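See below for the structure under consideration.
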Amino acid sequence: MQTFLDAIRAAIAAETGLEDPKLGRPRDPRHGDSAFPCFEYAKGKGEPPPKVAAELETALNARLEGITAKAAGPFLNFTVDRARLGETILGEIAAGGACYGTSREGEGRTIVIDFSSPNIAKPMSVGHLRSTVIGASIQRLHEALGYRTVGINHIGDWGSQFGKLVAAVDRYGDTVDLEGDPIPSLLALYVRYHEEEESDPGLVEEAREAFRELESGVDGPVRQTWRKLTELSLVEFQKIYDRLGVSFDLVRGEAFYEPHLASAVDRVVDAGVTEESEGALVVDLSGFGKIPPCLLRKTDGTTLYATRDLAAVFHRQEEFAFDRCLYVVGADQRLHFRQLKHVLDRMGLDWEPKVEHVDFGMMRLPEGKMSTRKGRVVFLDDVLNDAVAEAARVIAEKNPDLVDPGAVAEMVGVGAVVFNDLKRERVKDIDFRLEEVLSFEGDTGPYVQYTHARLASIERKAGEIEAAPDWEVLEGAAPILVSMGRFGEVVRSAAARAEPSEVTTYVLSLAREVNSWVARERVLGQEPGVTAARLALARGARQVIGNALTLLGVGAPTEM
RNA sequence: GCGCCCGUAGCUCAGCUGGAUAGAGCGUUCGCCUCCGGAGCGAAAGGUCACAGGUUCGAAUCCUGUCGGGCGUACCA
Numbered sequence: 161m162q163t164f165l166d167a168i169r170a171a172i173a174a175e176t177g178l179e180d181p182k183l184g185r186p187r188d189p190r191h192g193d194s195a196f197p198c199f200e201y202a203k204g205k206g207e208p209p210p211k212v213a214a215e216l217e218t219a220l221n222a223r224l225e226g227i228t229a230k231a232a233g234p235f236l237n238f239t240v241d242r243a244r245l246g247e248t249i250l251g252e253i254a255a256g257g258a259c260y261g262t263s264r265e266g267e268g269r270t271i272v273i274d275f276s277s278p279n280i281a282k283p284m285s286v287g288h289l290r291s292t293v294i295g296a297s298i299q300r301l302h303e304a305l306g307y308r309t310v311g312i313n314h315i316g317d318w319g320s321q322f323g324k325l326v327a328a329v330d331r332y333g334d335t336v337d338l339e340g341d342p343i344p345s346l347l348a349l350y351v352r353y354h355e356e357e358e359s360d361p362g363l364v365e366e367a368r369e370a371f372r373e374l375e376s377g378v379d380g381p382v383r384q385t386w387r388k389l390t391e392l393s394l395v396e397f398q399k400i401y402d403r404l405g406v407s408f409d410l411v412r413g414e415a416f417y418e419p420h421l422a423s424a425v426d427r428v429v430d431a432g433v434t435e436e437s438e439g440a441l442v443v444d445l446s447g448f449g450k451i452p453p454c455l456l457r458k459t460d461g462t463t464l465y466a467t468r469d470l471a472a473v474f475h476r477q478e479e480f481a482f483d484r485c486l487y488v489v490g491a492d493q494r495l496h497f498r499q500l501k502h503v504l505d506r507m508g509l510d511w512e513p514k515v516e517h518v519d520f521g522m523m524r525l526p527e528g529k530m531s532t533r534k535g536r537v538v539f540l541d542d543v544l545n546d547a548v549a550e551a552a553r554v555i556a557e558k559n560p561d562l563v564d565p566g567a568v569a570e571m572v573g574v575g576a577v578v579f580n581d582l583k584r585e586r587v588k589d590i591d592f593r594l595e596e597v598l599s600f601e602g603d604t605g606p607y608v609q610y611t612h613a614r615l616a617s618i619e620r621k622a623g624e625i626e627a628a629p630d631w632e633v634l635e636g637a638a639p640i641l642v643s644m645g646r647f648g649e650v651v652r653s654a655a656a657r658a659e660p661s662e663v664t665t666y667v668l669s670l671a672r673e674v675n676s677w678v679a680r681e682r683v684l685g686q687e688p689g690v691t692a693a694r695l696a697l698a699r700g701a702r703q704v705i706g707n708a709l710t711l712l713g714v715g716a717p718t719e720m
């Protein structure tokens, strides 16, 4: 498709002298495959747009081969010859296979992606799902463009809350089954400690002391307890990552950067942008608008979230010399990342623009914001289990003879959950509704998976076709071909904007077009040339849908 | 209070760097061939694109203000 568009652009450029003529898509695909609105160009010439469009029509038809230009009022529509369109695009897809849609434009460039990043000792909720699946998809999108990618799971394993947790384990640890059921046990201890703090101020000091010892670097009992908590939590997290098909290049908790904290602070101090304020070390950011200063060191000498993130970003820049460094973190932390970038800016670091906060909207419950401590959470594991159970139920009802229904149910159930989370634009808040996640009809992952399975089924039944495809018969499927031809552009744009939802909306729309076509035109049992052409389309569509699902981290079953 | 984000059909959302009659899904109503998978397909109904100004040949899209909602707002992360 790109070659056609390039040819059209080149012809327009040659004819009009425009540097980079902007092509659009006609509202109605019957108008053409691509369109050039003539308003602006006509204005420059001081002539009415319809007249200019008509003149261009003649001129461009003389220049273009295999593409027809047609003026429609102020618009100039382009239609690629039908036979050529099918042969070219389906040929590209067949040649590309699993690589169709990828490119090498990112080669030699490095992108670091910080995502998932759960806090140890807390169960993963549906809230953590967002960072995990969005980040994983962004990583795959960049891999598809040839970037060197470094996915980092920045585990929340540091901070004063862990002083509290260690103190809680010390006090009440033997009242729960830590080894057997670590996360709920730790959560219970934490909540209990938090409550008893209210009436016993001694506990506050005890927790503070524990964190101080932790941060002092002494390898004593406190650190040993902390290490154990971390290990237990990571084992639990891994189970979920396995189900989601997510992996990381590096799992580095905040603690990893602990040895670099002092030098990070020094670096900011040496840049001359720090000052003492109310006993704390801060970077004033009033030059960037009404935003509070960035705190680097508390009055008691311990560090903060911002300090550790600063140390981390310095470290990453030195280690990877990244071209992009993304933080897939919720929108509630916008201020934090603005502050972080402003500090880099004040330090005069020219790579500051490469650091981006890829924010996403909050997952909310009908009762309000999720809060682990208040018991207002939906556990991710439960949702995955519910979805898989629902998938198993539907399979038992609609396809009882399916081999290995368990594996397919896992693929469909988990796919439904993941797809649902990647469906809307990142910025949008989501009100969590289980019914919606468990729905498999309409704009859902299973709908796309179903389309994929159906096409695969047609392919299986068709076997090998010898005849040469009669491309002319794909006339009615031209809009689908154009859609498939756009895939590479969708991948590029989704990666650039760090917006996986672009792929979701694309693949939903493609699946819809394809389903409609399958209902309209029969593949099997036609004249050999007709079947061959339609089979090529089915095959191409399955390939593109499969490639898109892979980028999203959703399985593409051939039967379901 | 201040800052950031969001506001399109009853509900959930698309709408590309401004361009042709604002599109889907869910829900509602009606229909689908003894034929490739009905997790499907087709059709109907449903919209002052929150509101008011402005820029423009042209605004759901850009700018300003108002209203509504979300999030954040110096020693939590």
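Those letters in the first sequence? Residues 161 to 720, by this note's numbering.
Heads up, the beta-carbon is just placed ideally off N, CA and C, and yes, glycines get one too.
Owing to the predicted nature of the structure, the values given are computational and were not obtained by experimental measurement.
> Taking the runs of the beta strand (DSSP E) that are 3 residues or longer, which of them lie wholly in the region 468-503?
Replying inline: 484-488
> Can you tell me where the beta strand (DSSP E) with Arg524 in it begins and where it stops?
Replying inline: 523-525
>> Going by DSSP, what residue range makes up the alpha helix (DSSP H) through Gly573?
In response: 565-582
>> I need the boundaries of the alpha helix (DSSP H) containing His354, first residue and last residue.
In response: 342-359
> Based on the DSSP output, what are the partners of His517 in its beta bridges?
Replying inline: Tyr487
> For Asn313, which of Thr292, Ala304, Leu301 has the nearest alpha-carbon?
Replying inline: Thr292
>> Taking the straight line between their C-alpha atoms, what separation do you get for Arg126 and Pro526?
In response: Outside the shown range of the chain, which is 161 to 720, sits residue 126, and nothing can be said about it.
> Is the region 352-368 touching the region 376-395, taking contact as three or more C-beta pairs under 8 angstroms?
Replying inline: no
> To which residues does DSSP link Lys529 through a beta bridge?
Replying inline: Arg524
>> Tell me the DSSP secondary structure of Cys259 in three-state form.
In response: helix
> What residues match up with Gly685 in a beta bridge as DSSP calls it?
Replying inline: Answer is none; Gly685 lacks a bridge partner.
> Excluding sequence positions up to five away, which residues of its chain have a Cβ less than 7 angstroms from the Cβ of Gln703?
Replying inline: Ile253, Gly257, Tyr260
> Can you tell which of Asp341, Ser661, Gly623, Arg169 has its C-alpha closest to the C-alpha of Arg584?
Replying inline: Ser661
>> Let's test the definition: count the other Cβ atoms within 10 Å of the Cβ of Thr335 and tell me whether it reaches 16, buried, or not, exposed.
In response: exposed
> By the 10 Å Cβ neighbour count, where 16 or more other Cβ atoms means buried, how is Pro209 classified, buried or exposed?
Replying inline: buried
> Is Phe600 helix, strand or coil when you go by DSSP?
Replying inline: coil
>> Just to confirm my understanding: we take Thr532, look at its own chain, exclude 5 residues before and 5 after, and list those with CB closer than 8 angstroms. What are they?
In response: Lys282, Pro283, Ser285, Leu347
> For Gly287 versus Met530, is the C-beta distance shorter than 8 angstroms?
Replying inline: yes
> From Asp274, Arg169, Ala232, Ile172, pick the residue whose C-alpha is nearest to that of Gly490; which is it?
Replying inline: Asp274
>> At the level of alpha carbons, what is the spacing between Glu303 and Val272?
In response: 11 angstroms
>> Relative to the C-alpha of Phe164, which candidate in Glu265, Asp193, Asp188 has its C-alpha closest?
In response: Asp193
> Between Ser643 and Gln477, what straight-line distance do the alpha-carbon atoms span, to the nearest angstrom?
Replying inline: 39 angstroms
>> In the DSSP output, which residue or residues are listed as bridge partners for Ala231?
In response: Leu236
>> In the DSSP output, what is Pro197 paired with across the bridge?
In response: Phe235
>> Just to confirm the assignment, what range does the beta strand (DSSP E) spanning Ser437 have?
In response: 434-437
>> Report the CB separation of Thr390 from Ile280 in whole angstroms; it is logged as a contact under 8 angstroms.
In response: 5 angstroms
>> Here's the rule I'm using: 16 or more other beta-carbon atoms within 10 Å means buried, otherwise exposed. How should Asp469 be labelled?
In response: buried
> Alpha carbon to alpha carbon, what distance is there between Gly535 and Leu301?
Replying inline: 36 angstroms
> When the Cα atoms are used, what is the spatial distance from Ile555 to Ala613?
Replying inline: 13 angstroms
> What number of angstroms, rounded off, separates the C-alpha of Ala547 from the C-alpha of Asn707?
Replying inline: 23 angstroms
> Does the separation of the CB atoms of Leu594 and Ile400 fall below 8 angstroms?
Replying inline: no
> Leaving out five residues before and five after Leu245 in sequence, what residues of the same chain have Cβ atoms less than 7 angstroms from its Cβ?
Replying inline: Ala638, Leu641
>> Quick test of the definition: if touching needs 3 or more C-beta pairs under 8 angstroms, does the region 498-505 touch the region 555-570?
In response: no
> Using a Cβ-Cβ cut-off of 6 angstroms (strictly less than) and excluding sequence neighbours within five positions of Pro565, which residues of its own chain qualify?
Replying inline: Ile555
> Going by alpha carbons, who is nearest to Leu250 out of Ala698, Leu338, Glu339?
Replying inline: Ala698
>> Restricting to Cα atoms, I'd like to know which of Thr309, Ala195, Ile343 is closest to Leu325.
In response: Ile343
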